[in-house]
Amino acid sequence: KVVENYFFMTILQILNSLFYLLIYPYLIRVLGAENYGLYVFAFSIVTYFITFINFGFDLPGVKKVAQNLQNPNVKKEVLSSVFTAKIYLEIISLVLFSSIVFLVPYMRANWFLFFICFVQTLTNILFPQWYFQGIQRMRVVTYIQLGFKMLSLPFIFLLVKQHDDLLLYAFIVSFFSLLGALTAYLIIRYKENLSISFVSFANVKKYVKEALPFFATNGMNVVKQQSAVVILGGFFSMKDVALYDLAMKIFTVPTVLVASINGALFPKIVRLKNLATTIKKIIKIENIVGIAIIVFLITTGNFVIRLMGGPDMSGAFPLLVILSFGIFGQLTVGAIGYFIFIPTGNSAYVAKNQLVAFVVFFIFALTGVLVSNSVWVVPLALT
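Numbering (my numbering), first residue to last: 6 to 388.
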């Protein structure tokens, strides 16, 4: 089960990474670097709200479901509580998002694009990927996401033909993402025979309190990651955003081969004890793998960038080299959090660690862009 869960979690992330990497050459030439960068910028803003709506419910949800696999009442209660909490957060997010879009002139000028991207916040409510991870059936998630991504391809290639089709591209991506989420919801309702309903606010408060440390940890990490895009878009240009996005996409492909192993092992390890030796071995192996990934990206990155984006996108290579050293944050730090702090009830240490990284990133990045005219300072700050 652990191997199967890891396999499908890995395949899922590889497919997600490869899908957008494979259509990247087409999009960058049809939409142009500026327009494509605008889409990346808009979705980065929406990602803040996706993170807020998720609110760290995933890991506590995985833990509860994994520990109660034969208890449908507990599974229904967890699903309903998380669903209700996310609906409340969705309403708050919509109000805040609308206010920001119409108050910021640049966003107001592209308001339709921003709201099309915002539709994807509903996907994270209707598609509880954490539930399938908890029952160790990630194959379902993989099949759904792969299926609807493949269905979207003909529409992208047939309908997105010129610079002015940016809104159409955003609509296709959001529409098929929402269809996949509805499919997952129906599987839970009829295949798993679990009805999801609204629960009392008191019950929601209990889950919010439990998820708060995870929200603080994950929220700071996501805000840090997405702020790199926002800072590049705010201080430089949308083409620089596109360069950074290409570097990040290439960096993501080899990392997903190993990054999901911590999540796949978590449901198993959380039920076991006395794994100190095993955890040390995992961390040692992940450090070695991290070094191998850095070497691989440095030696092949320039060729891949020119293949995917053409000579005009060659500026992405130094960004890729800088980003590659961030692999240790995903692997080693992730292993420590998953296997040591979270199972022992010390999630606060993960939050404090992320707080340090969060503060240092913004100090370094904002100081860097004020005294330097180089886009390099942003990935340096992130790494």
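Think of the CB as a built atom: it goes at the ideal place given N, C-alpha and C, for glycine as much as any other residue.
Legend entry - Simplified DSSP assignment, three categories, for G42: It is helical.
Inset, instruction - Using a threshold of 8 Å, state whether the C-beta atoms of I140 and E95 are closer than that. - result: Cβ atoms of I140 and E95: not closer than 8 Å.
Legend entry - C-alpha distance - G306 paired with V213, whole-angstrom precision: Cα to Cα, G306 sits roughly 42 Å from V213.
Inset, instruction - Flag this pair as yes or no: are the beta carbons of A370 and V361 separated by less than 8 Å? - result: Cβ distance not < 8 Å, so A370 and V361 don't count as in contact.
Inset, instruction - Could you please give the first and the last residue of the uninterrupted alpha helix (DSSP H) stretch that includes S205? - result: Counting along the chain, S205 falls outside any alpha helix (DSSP H), and DSSP gives it neither H nor E.
Legend entry - Spatially closest choice to V145 from Q167, I177, Y190, M112, by CA coordinates: Restricting attention to Q167, I177, Y190, M112, the CA atom closest to the CA of V145 is found in Y190.
Inset, instruction - Count the other CB atoms, across all protein chains shown, that sit within 10 Å of the CB of E291; report buried if there are 16 or more and exposed otherwise. - result: Only buried fits E291, as 16 or more other CB atoms lie within 10 angstroms of its CB.
Legend entry - Assigned secondary structure, Q167 (DSSP; H/G/I helix, E/B strand, else coil): Q167: coil per DSSP, three-state reduction.
Inset, instruction - Kindly provide the ranges of any alpha helix (DSSP H) runs that are 4 or more residues long and lie completely inside the segment 239 to 271, ordered along the chain. - result: The segment 239 to 271 contains these whole alpha helix (DSSP H) runs: 243 to 264.
Inset, instruction - Indicate whether the contact test is met: 3 or more Cβ pairs, each with one atom in the segment 107 to 115 and one in the segment 60 to 78, closer than 8 Å. - result: No, the segment 107 to 115 is not in contact with the segment 60 to 78.
Legend entry - Distance CB(R327)-CB(T372) smaller than 8 Å: Just to set this straight, residue 327 is Ile in the shown sequence, not Arg. No.
Legend entry - At least 3 beta-carbon pairs within less than 8 Å: the segment 202 to 211 vs the segment 83 to 94: A contact is defined here as three or more CB-CB pairs under 8 Å, and the segment 202 to 211 meets this definition with respect to the segment 83 to 94.
Legend entry - Element boundaries [alpha helix (DSSP H), containing V35]: For V35, the enclosing alpha helix (DSSP H) stretches over residues 29 to 35.
Legend entry - Assigned exposure category for G315 - 16 Cβ within 10 Å defines buried: Exposure of G315 is indicated by the presence of fewer than 16 other C-beta atoms within 10 angstroms of its C-beta.
Inset, instruction - Measure the alpha-carbon distance for S182 versus V8 and round it to whole angstroms. - result: S182 and V8: Cα-Cα distance of roughly 27 Å.
Inset, instruction - Check whether the Cβ atoms of L251 and I310 sit closer than 8 Å, and answer yes or no. - result: Judged by their CB atoms, L251 and I310 are nearer to each other than the 8 Å cut-off.
Legend entry - Three-way DSSP call (helix, strand, coil) for R142 in this model: Here DSSP, grouped into helix, strand and coil, assigns R142 to coil.
Inset, instruction - Please report how far the alpha carbon of F46 lies from the alpha carbon of F102, in whole angstroms. - result: Rounded to the nearest whole angstrom, the C-alpha separation of F46 and F102 is 14 Å.
Inset, instruction - Report yes if the C-beta distance between M313 and L32 is below 8 Å; otherwise report no. - result: No.
Inset, instruction - To the nearest angstrom, report how far apart N267 and A281 are at their CA atoms. - result: So the alpha carbons of these two residues sit roughly 15 Å apart.
Inset, instruction - Give me the Cα-Cα distance between Y195 and P77, rounded to the nearest whole angstrom. - result: One C-alpha to the other measures close to 13 Å.
Legend entry - Alpha carbon of N129 to alpha carbon of P323, nearest angstrom: In a straight line, the C-alpha of N129 is about 34 Å away from that of P323.
Legend entry - Expected contact under 8 Å - CB spacing of H168 and L36 to nearest Å: By a beta-carbon distance limit of 8 Å, H168 contacts L36. Their separation comes to about 6 Å.
Legend entry - Sequence-distant residues of the same chain with beta carbon closer than 7 Å to I149, five excluded per side: For I149, where only same-chain residues beyond five positions count, the Cβ hits under 7 Å are G185, T188, A189.
Inset, instruction - Locate the alpha helix (DSSP H) running through Q335, then write down its first and last residues. - result: 332 to 341 is the span of the alpha helix (DSSP H), which, as asked, contains Q335.
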